[in-house]
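**Q** In this note's numbering, the protein residues as written are 1376 to 1582.
Here it is, the structure, as C-alpha cells.
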Ligand SMILES: Cc1cc2nc3c(=O)[nH]c(=O)nc-3n(C[C@H](O)[C@H](O)[C@H](O)COP(=O)(O)O)c2cc1C
C-alpha cells in the first residue's frame, strides 16, 4: 500500500501570533495521529513567498524546452518544484489569512506557480481539463471580521470563490473551507469562532 501524503501550506507572514498557522499545525498533528505512516510535506509560503511570474517564466511555461534561455530554465525549475509537491500529495491543508477581501499575495504567487499547461492543466477535445484530480483539500481561513459566505462581510469574500475556481481548474473539486472569523482584537465572538473552527477541523480529519 502506498503512503498517504499531506501537503501542508502556510500563507500567513506571521509566526506565533498567527491563528491560521496554529489551526494548521493542529490539523496536521491530528492528521498524523490518524495516518501513522503518512508523509507530510511542509511548504511555508508566508515566510518564504514564491517568486512572481516574470518574462523568463512565461517563456519557460509556454515555449518548447529545447529553446529555453538559462533564465527560463531556472524559473521553471522553481515552478516544477511547487507542481511536484502538489502532484505528490493526496491531501492538502492550506492555512491562510484573508487579506483585503482575497488571497494574501504569497498564496496568489503560489497559484501562479502551480497552474501549468501540460502539468496541472491539459488541453482536451472540449478545452482545458484539470490534471491534478483525486485530491482532497482543506482550507483554513483566518479573518478579522466575519467573512464566512453567510457572514456580515460574506459579499466581500473573494477568497473562497477564487481559490475554489483555481482548484477546480486544475481538477480538484473536493474542497472544504473552515473559517476562523471575527478574530479582530476585542471581538466578543473570537473565542467561540476559534473553538468552532477546531471542532470543524477535527471532523475533517476523521472524515
Ligand atoms: C494586510 C491585511 C489585510 C487584511 N484584510 C482583511 C480583510 O479583508 N478582511 C478581514 O476580515 N480581515 C483582514 N485582515 C485581518 C486578518 O485576516 C486577520 O488578522 C487574520 O487573523 C490574519 O491571519 P493570521 O492570524 O493567520 O496571521 C487583514 C490583515 C492584514 C494584515
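Note that the Cβ used here is the ideal one computed from N, Cα and C, for glycine as well.
Treat the numbers as computed from the prediction; the structure is a model and nothing was measured.
Under 8 Å between the Cβ atoms of residue 1457 and residue 1492?
**A** no
**Q** Please write down, chain order preserved, every residue whose beta carbon lies under 6 Å from a heavy atom of ligand 1.
**A** 1387, 1389, 1393, 1394, 1395, 1396, 1472, 1473, 1474, 1475, 1476, 1517, 1518, 1519, 1520, 1522 and 1558
**Q** Tell me whether the beta-carbon of residue 1518 lies closer than 8 Å to the beta-carbon of residue 1472.
**A** Yes, the pair counts as a contact, with Cβ atoms nearer than the cut-off.
**Q** Assess contact between the stretch 1415-1428 and the stretch 1448-1457, defined as three or more Cβ pairs (one per stretch) separated by less than 8 Å. Is contact present?
**A** yes
**Q** Pairs of beta-carbons, one from the stretch 1436-1454 and one from the stretch 1496-1510, closer than 8 Å: are there three or more?
**A** With a cut-off of 8 Å on Cβ pairs, the stretch 1436-1454 is not in contact with the stretch 1496-1510, counting fewer than three such pairs.
**Q** Based on DSSP bridge pairs, tell me the residues matched to residue 1517.
**A** The partner list for residue 1517 (beta bridge, DSSP) reads 1472 and 1555.
**Q** State yes or no: is the C-beta of residue 1381 within less than 8 Å of the C-beta of residue 1512?
**A** no
**Q** Under 6 Å Cβ to Cβ from residue 1485, same chain only, skipping five residues before and after it: list those, please.
**A** 1420 and 1425
**Q** Under 8 Å between C-beta atoms, does residue 1540 make it to chain D?
**A** The chain inventory of the structure shown lacks chain D, comprising one protein chain alone.
**Q** Taking the beta strand (DSSP E) that residue 1503 belongs to, which residues open and close that run?
**A** 1502-1505
**Q** Residue 1499: buried (16+ other C-beta within 10 angstroms of its C-beta) or exposed?
**A** exposed
**Q** Going straight from the alpha carbon of residue 1478 to that of residue 1538, what length do you get?
**A** 8 Å
**Q** For residue 1487 versus residue 1428, is the C-beta distance shorter than 8 Å?
**A** yes
**Q** Please report the straight-line C-alpha distance between residue 1388 and residue 1475, rounded to a whole angstrom.
**A** 15 Å
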